[in-house]
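Engineer: So for the sequence shown, UniProt numbering puts the first residue at 1; every next one is plus one.
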Amino acid sequence: MANLLEKYDKNMVACSFSDETYHYYDIKKAPFKIEGLAWFSKEKEYFRLPKDCQQDVSEAVYWLASHPAGGQLHFQSNSKTIVIKVQLAASANMTHMTGVGQAGFDLYYKKRNEKNYHFFTSTNYPYGQVEYSIVLYRNDKKEWKDFLIHFPLYMGVKNVWLGLEKDALLKPARKRKKQGKVVVYGTSITQGGCATRPGMAYTNILSRQLDIEFINLGFSGSGLGEPIMAELMTEINNVSLFILDYDANGGCTGDLEKNMKNFILTLRKKYPIIPILILSKPPFTNYVFLKEEIELRKRLVEFQKNLVLEFKAKHDENIYFLDGNTLYGKDWEECSVDGIHPTDLGFYKMSKTLLPVIKKILK
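1. Residues in the same chain with beta-carbon distance under 7 Å from residue 355, minus the five sequence neighbours each way, listed in chain order, please.
2. Would you list, in sequence order, the uninterrupted beta strand (DSSP E) runs of no fewer than 3 residues that lie entirely inside the segment 247–283?
3. Are the CB atoms of residue 190 and residue 368 within a distance shorter than 8 Å?
4. Three or more beta-carbon pairs under 8 Å between the segment 137–144 and the segment 86–103, yes or no?
5. For a quick check, are the C-beta atoms of residue 122 and residue 197 less than 8 Å apart?
6. Starting from residue 42, trace the alpha helix (DSSP H) both ways and give me its first and last residue.
7. Mark residue 51 as exposed unless 16 or more other C-beta atoms lie within 10 angstroms of its C-beta, in which case mark it buried.
8. Could you give the DSSP three-state label for residue 21: helix, strand or coil?
9. Helix, strand or coil: how does DSSP classify residue 342 here?
10. Should residue 290 be labelled buried (16 or more other beta-carbon atoms within 10 Å of its own) or exposed?
11. Indicate whether residue 149 and residue 37 have their beta-carbon atoms separated by less than 8 Å.
12. Going straight from the alpha carbon of residue 348 to that of residue 204, what length do you get?
13. Nearest by alpha-carbon distance to residue 64: which of 282, 223, 236 and 230 is it?
14. Is residue 161 near residue 85, with beta carbons less than 8 Å apart?
15. Can you check whether the CB of residue 184 is closer than 8 Å to the CB of residue 228?
16. Going by DSSP, what residue range makes up the beta strand (DSSP E) through residue 127?
17. Quick one: Cα of residue 301 to Cα of residue 119, how far?
18. Just list the beta strand (DSSP E) runs in the segment 137–203, keeping only unbroken ones of 3 residues or longer that don't cross its boundaries, in chain order.
19. What separation, rounded to the nearest whole angstrom, lies between the Cα atoms of residue 126 and residue 151?
20. Let me know if residue 297 comes out buried or exposed under the rule of 16 or more other beta-carbons within 10 Å of its beta-carbon.
As structure tokens, this is what we get:
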């Protein structure tokens with residue numbers, strides 16, 4: 001059945017694009033720069049873990065690693081139009097997350113004298129498709145800008161090409177304000193469920209605000225703090241901060257209390273003084289009347305807080321705890337799509353709370 005809303009409102013039309021008058025670039029090649037995928041420079045795959053770890057991690061984690069959450073494409077160009085051509089692993093199919101958030105890209109830009117990025121648009125495509133071409137940027141003027149494109153949060157990506165005008169110029173991205181990486185390990189919330197578009201996942205918001213690369217190792221329903229995950233995280237070089245955000249998965253299974261201490265000790269073997277921030281889960285509205293869940297929440301907050309104090313007592317001054325109950329602030333009940341997973345409002349509030357904390361730690 002035809003979509004009547006698209007018939008009556010042109011702004012609701014899925015904007016596909018088929019014009020072949022542009023020069024298309026393989027974004028895996030210079031001068032494009034891909035960040036947020038820790039093993040990309042070595043393997044050239046849109047994959048969040050090393051491809052050879054399949055026998056070491058769970059089936060779920062390996063599959064979720066094919067979703068390039070946190071992946072970012074950076075470049076400079078003076079093209080008046082930018083087109084993106086995409087081949088996905090499958091079509092969008094989530095019920096409580098938009099197709100753009102699950103399987104789309106969005107574009108940000110800034111002028112050369114500007115500090116902050118501005119959102120432009122996202123890939124509003126027909127969600128039954130696994131291949132699409134979309135105009136991501138238009139400008140009447142040919143002027144240089146820094147561009148940032150975020151990768152999908154919950155869908156594998158096979159190939160991506162970027163189309164620029166044939167007479168447009170292209171340059172590598174400028175260096176970030178802060179060098180290093182913030183590595184975040186966690187859950188579906190970390191991965192970006194359920195942002196309406198990729199740029200609204202809290203790790204992507206913070207990456208833009210702090211102008212530093214974030215590595216998103218959130219694995220939906222599978223952030224259990226397995227020893228192998230800590231070992232894989234030690235393979236990442238030039239880390240400025242680790243954030244452990246897996247309470248929402250590991251807490252209810254008992255894994256958090258069982259393995260968080262050893263998880264931290266594994267990180268400390270390679271990074272003895274790099275800051276570690278322990279982040280407990282945000283409040284869930286559908287648990288407020290469940291006594292057992294309330295007691296578990298209190299116990300896990302105390303456990304994580306006391307674990308940080310234990311490390312500090314052993315002269316580890318670079319470990320911190322933030323109570324996730326504070327992440328949303330006022331009107332916290334309005335911040336999720338299903339009582340658990342944040343909307344854009346929830347992610348915005350999370351980033352607003354985390355920003356000063358991370359700034360202080362990174363000083």
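Just so it is clear, CB atoms sit at the ideal spot from N, CA and C, and this is done for glycine as well. Bear in mind that the values here come from a model prediction, so they are computed numbers and not experimental data.
Structural biologist: Reading it off the structure:
1. So the list reads 206 and 209, once near-sequence residues are dropped.
2. Runs of the beta strand (DSSP E) lying entirely within the segment 247–283, each at least 3 residues long, are 276–279 in chain order.
3. Nothing about residue 368 can be reported from this structure: the residues present for the chain run from 1 to 363 only.
4. In short, these stretches do not touch, since the Cβ pair count stays below three.
5. In this structure, residue 197 lies closer than 8 Å to residue 122 by Cβ.
6. Counting along the chain, residue 42 sits inside the alpha helix (DSSP H) bounded by residues 40–43.
7. Counting the other CB atoms within 10 Å of its CB gives residue 51 a total below 16, which places it among the exposed residues.
8. Note: residue 21 maps to coil in three-state DSSP.
9. Note: residue 342 maps to strand in three-state DSSP.
10. The residue is exposed, with fewer than 16 neighbouring Cβ atoms inside 10 Å.
11. No; because the gap between Cβ atoms is not below 8 Å, this pair is not in contact.
12. Between the alpha carbons of residue 348 and residue 204 lies a gap of roughly 10 Å.
13. Checked all of 282, 223, 236 and 230; the closest Cα to residue 64 is 223.
14. A contact, by the Cβ cut-off of 8 Å.
15. In this structure, residue 228 keeps its C-beta atom at 8 Å or more from the C-beta atom of residue 184.
16. Note, residue 127: premise wrong, no beta strand (DSSP E); not H, not E.
17. Whole-angstrom Cα-Cα distance: 36 Å.
18. Counting only runs of 3 or more, we get 145–150, 157–164 and 181–186.
19. Taking the straight line from one Cα to the other gives about 17 Å.
20. Classified as buried, residue 297 has 16 or more neighbouring CB atoms from the shown chains inside 10 Å of its CB.
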